[in-house]
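Protein chains in written order, with the numbering used here: chain E, 1 to 285; chain D, 1 to 433.
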């Protein structure tokens, strides 16, 4: 009997070890492009394409960051990107949660239809809405300003985010709302003081997704911006690539690294909530 | 561990931001001159690097010539610029003059002004003023001129003299054929694995050469019929398939191991199709690694040198509110000698005088290789065959090329799989007109 348990214990250990080995291999495969970017950013040009590739540069240099950064007004681009990402994320989180609250808690004859319509907007190809949206912003005098990149986020925050948050709201018992009503709270106070704090993981998830999207967004700035002083990092990076192609890969990697670091930091900070937010969405439909 | 990673990333970000400083060019433009034309003018274009810089400098020359015109410049990255342009043209605020290529899908549409009346009014003899071969594709079948050229680029075959010497082969000459090219590429290849030296790099432009090198074509003149299955076209594709099979051209894995320009510059390929636009960059990368030269691309069986050209020009927006200034700008950046000389640093200028003097007298930076062959090569060069309206069909030609050079299929097998799809793509172009 003892031998049986011992063998079972050993087999369990082997399985766990094997799982870790496989997971480590997969993790290395996934992280390799980032490691290569990190390593290339610190290499001198002649080392960038050596075969087989060397992870640790023989000659370590900061010049790629300095030269790459000086190629264009990346400081201004970073500032513009921070403004757009920050404000658009606030808008997305606030408005998506507000709309989702409505769908989750207030029922009318048309709730189902309205929610279906909201979800249907996800099926609409962006090309269809491009020209009308562009015309609208032109008429508003917002062309070549950061407004078209920020303001729409305050009007709904996107169908997927609404869906995600609605699912979250539905996991919270209605008893909480009713208790608050009895205590004299109105609908907005319930939303703001009771339910929003309760769905923190989902709000962080939506916030992180919004940050990642707006930080990396290339198409909207390309379409709505014209002046160098308004450009965002994505446009700056594309200019850089147009200028040097792959011939200055070490500089491109250096500038890319700078632009990717803020998003990485945020992901590290919020990953626990992010995973929690995604997994909990499926609890109740 | 997570805290450490966060602190490390924050540290790198802050250090890098602090170490770097912005460098924005805000040099003031002091114009002088006596131009009569005035008002606002918006110029819309795209690109990057030295070429974009030359376009900005050309605008400065225009400002000097026409000081009363207030120029607003919109310069954007090239990627997905069509999407922006579609929206801006539809909204009527795309600018007065718009950068275009003769293969761009926006041409042959309602957006652009016919430039013929302006040319006639100024009594311009374009044949005498424009570099031979630079102007193709700007005039529609019905005679409407949709744009004026500013620059063009064609290709030479750059070759590594050291590799040829080592193989005991003579350097290629301008009268070589594609059979010579194929044999040479195989003979100069040597080594194995990571040390393999290839005859020719796997350059993206070779796919465009392939249909033409034995006198074939990918499609007929009005794009109504695919001709991929023409025996001469197939022979062209097969040549490159054979080169990959003979390891004279890198296979897919080898081609992905490093950029092709780096492969040539590192001495790991004997030949490289060199565009005007990249000549100085390649020269810088080669440095003193080895001796090299350039030669015209090989001739087809009829004795005609096969070359591909890229052209860039400007068109006038039909909705422009200052057409006089718009024409003045187009004329200046197309025909002005000072502008042509400026463009010569990065591209082949449309202004004949500049092309045949300034450009032709230039040497590739840091070398004693003359640029004059690029001027000659442009004369009969074929406009890049996959751009603009043809792009959808072009994707299918690309897949055919992949079948031959990556999947190892014969050109005939690949053509069988793709001809009907390509024909449908061509049909759809005509249906959507």
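Beta carbons are placed, not taken as given, at the ideal position from N, Cα and C, and that holds for glycine. Just so we're clear, the structure is a prediction, and the values are computed from it rather than from any experiment.
Practice problem: Residues of the segment 48 to 64 of chain D with a CB closer than 7 Å to any CB of chain E: list them in chain order, please. | Solution: Flagged, chain order: 48 and 49.
Self-check item: Straight-line gap, residue 255 of chain E to residue 222 of chain D (C-alpha atoms, nearest Å)
Solution: Indexing the first chain from 1 puts residue 255 of chain E at position 255. Indexing the second chain from 1 puts residue 222 of chain D at position 222. Rounded to the nearest angstrom, the gap between the Cα atoms of residue 255 of chain E and residue 222 of chain D is 45 Å.
Quiz item: Apart from the five residues on each side of it in sequence, which residues of its chain come closer than 6 Å, Cβ to Cβ, to residue 232 of chain D?
Solution: Within the second chain, numbered from 1, the residue matching residue 232 of chain D stands at position 232. Here the set comprises 214, 215 and 216.
Practice problem: Please list the partners that residue 84 of chain D has in chain E, where partner means a Cβ-to-Cβ separation under 7 Å. | Solution: Reading the second chain from its first residue, position 84 is the one you call residue 84 of chain D. Those are 222 and 223, listed as they occur along chain E.
Practice problem: Determine the direct distance from the alpha carbon of residue 102 of chain E to that of residue 109 of chain E, and round the result to whole angstroms. | Solution: The count along the first chain starts at 1 and reaches residue 109 of chain E at position 109. The count along the first chain starts at 1 and reaches residue 102 of chain E at position 102. When rounded, the distance between both Cα atoms is 14 Å.
Practice problem: Quick one: list the residues of chain E neighbouring residue 91 of chain D, beta-carbon separation under 8 Å, in chain order. | Solution: Start at 1 with the first residue of the second chain, and residue 91 of chain D comes out as number 91. Within chain E, the residues near residue 91 of chain D are 131, 134, 135 and 138.
Quiz item: Assuming residue 276 of chain D contacts residue 154 of chain D under a Cβ cut-off of 8 Å, what Cβ separation, rounded to an integer in Å, is found between them?
Solution: The residue labelled residue 276 of chain D in the question sits at position 276 within the second chain. The residue labelled residue 154 of chain D in the question sits at position 154 within the second chain. Confirmed, Cβ separation roughly 7 Å.
Practice problem: Could you tell me whether any Cβ in chain E is nearer than 8 Å to the Cβ of residue 375 of chain D? | Solution: Against the second chain, residue 375 of chain D aligns to sequence position 375. Using beta-carbon distances, residue 375 of chain D does not count as an interface residue toward chain E, since no partner is under 8 Å.
Quiz item: Around the Cβ of residue 63 of chain E, are there at least 16 other Cβ atoms within 10 angstroms (buried) or fewer (exposed)?
Solution: Locating residue 63 of chain E in the first chain gives position 63, counting from the first residue. Exposed is the call here.
Quiz item: Would residue 205 of chain D pass as a contact of residue 308 of chain D if the rule is Cβ separation under 8 Å?
Solution: The residue you call residue 205 of chain D lines up with position 205 of the second chain. The residue you call residue 308 of chain D lines up with position 308 of the second chain. Cβ atoms of residue 205 of chain D and residue 308 of chain D: closer than 8 Å.
Quiz prompt | Proximal residues, the segment 229 to 258 of chain E versus chain D, C-beta separation under 7 Å | solution = Flagged, chain order: 235, 238, 239, 242, 243, 244, 246, 247 and 258.
Self-check item: Chain-order list of residues whose beta-carbon lies under 7 Å from that of residue 291 of chain E (same chain, five-residue window excluded)
Solution: A query on residue 291 of chain E cannot be resolved here, the shown segment of chain E reaching from 1 to 285 and no further.
Quiz item: Nearest-angstrom Cα distance between residue 263 of chain E and residue 270 of chain E?
Solution: Walking along the first chain from the start, residue 263 of chain E turns up at place 263. Walking along the first chain from the start, residue 270 of chain E turns up at place 270. Cα to Cα, the separation comes out at about 10 Å.
Exercise. Could you tell me whether the segment 158 to 177 of chain E touches the segment 191 to 200 of chain E, where touching means 3 or more Cβ pairs closer than 8 Å?
Key: They touch, by the three-pair rule.
Practice problem: Verify whether the separation of the beta carbon atoms of residue 226 of chain E and residue 74 of chain D is less than 8 Å. | Solution: For the purposes of this step, residue 226 of chain E is taken as residue 226 along the first chain, with counting starting at 1. For the purposes of this step, residue 74 of chain D is taken as residue 74 along the second chain, with counting starting at 1. The answer is yes: Cβ separation under 8 Å.
Practice problem: Note down the Cα distance separating residue 27 of chain E from residue 404 of chain D, rounded to an integer number of angstroms. | Solution: The residue you call residue 27 of chain E lines up with position 27 of the first chain. The residue you call residue 404 of chain D lines up with position 404 of the second chain. Each residue's alpha carbon lies about 35 Å from the other.
Quiz item: Hey, how far is the Cα of residue 420 of chain D from the Cα of residue 224 of chain D?
Solution: Here residue 420 of chain D is taken as the residue at index 420 of the second chain, counted from 1. Here residue 224 of chain D is taken as the residue at index 224 of the second chain, counted from 1. C-alpha separation (whole angstroms): 13 Å.
Exercise. Using alpha carbons as the reference points, say which of D:131, D:140 and D:146 lies closest to residue 118 of chain D.
Key: What you label residue 118 of chain D is simply residue 118 of the second chain in a count that begins at 1. Nearest of D:131, D:140 and D:146 to residue 118 of chain D, Cα basis: D:146.
Quiz item: Excluding sequence positions up to five away, which residues of its chain have a Cβ less than 8 Å from the Cβ of residue 429 of chain D?
Solution: As a working mapping, residue 429 of chain D is identified with position 429 in the second chain. Once the five neighbours on either side are set aside, the close Cβ partners of residue 429 of chain D are 223, 389, 390, 392 and 393.
Exercise. Excluding the 5 residues preceding and the 5 following residue 208 of chain D in the sequence, name in chain order all residues of the same chain whose CB lies nearer than 7 Å to its CB.
Key: Here residue 208 of chain D is taken as the residue at index 208 of the second chain, counted from 1. Answer for residue 208 of chain D: 308, 384, 385 and 386, listed in chain order.
Quiz item: Between the segment 152 to 175 of chain D and chain E, which residues of the former have CB atoms less than 9 Å from a CB of the latter, in chain order?
Solution: Within the segment 152 to 175 of chain D, no residue qualifies.
Quiz item: Closest to residue 135 of chain D by CA distance: which of D:274, D:151, D:246 and D:301 is it?
Solution: Within the second chain, numbered from 1, the residue matching residue 135 of chain D stands at position 135. Nearest Cα to residue 135 of chain D within the set D:274, D:151, D:246 and D:301: D:151.
Practice problem: For residue 121 of chain E, count neighbouring C-beta atoms within 10 Å of its own C-beta (all shown protein chains included) and say buried if the count is 16 or more, exposed if not. | Solution: Taking the first chain and counting its residues from 1, one reaches residue 121 of chain E at position 121. Exposed: under 16 other Cβ atoms inside 10 Å.
Exercise. Mind checking which residues open and close the beta strand (DSSP E) that includes residue 71 of chain D?
Key: As a first step, residue 71 of chain D is located in the second chain; it is residue number 71 there, counting from the start. Per DSSP, the unbroken beta strand (DSSP E) holding residue 71 of chain D starts and ends at 69 to 76.
Quiz item: Quick one: does residue 49 of chain E have its CB under 8 Å from some CB of chain D?
Solution: Numbered from its first residue, the first chain carries residue 49 of chain E at position 49. Yes, its Cβ sits closer than 8 Å to a Cβ of chain D.
Self-check item: Buried or exposed by the 16-neighbour rule on C-beta atoms within 10 Å, applied to residue 114 of chain E
Solution: The residue given as residue 114 of chain E occupies position 114 in the first chain. Counting the other Cβ atoms within 10 Å of the Cβ of residue 114 of chain E gives fewer than 16, which makes it exposed.
Quiz item: Are the beta-carbon atoms belonging to residue 157 of chain D and residue 349 of chain D less than 8 Å from one another?
Solution: The sequence position of residue 157 of chain D within the second chain is 157, counting from 1. The sequence position of residue 349 of chain D within the second chain is 349, counting from 1. The Cβ-Cβ distance between residue 157 of chain D and residue 349 of chain D does not fall below 8 Å.
Self-check item: Collapsed DSSP secondary structure at residue 146 of chain E in the structure displayed
Solution: What you label residue 146 of chain E is simply residue 146 of the first chain in a count that begins at 1. Three-state result, residue 146 of chain E: coil.
Practice problem: Can you give me the Cβ contacts of residue 175 of chain D inside the same chain, cut-off strictly under 7 Å, excluding the 5 residues immediately before and after it? | Solution: The residue you call residue 175 of chain D lines up with position 175 of the second chain. Once the five neighbours on either side are set aside, the close Cβ partners of residue 175 of chain D are 299.
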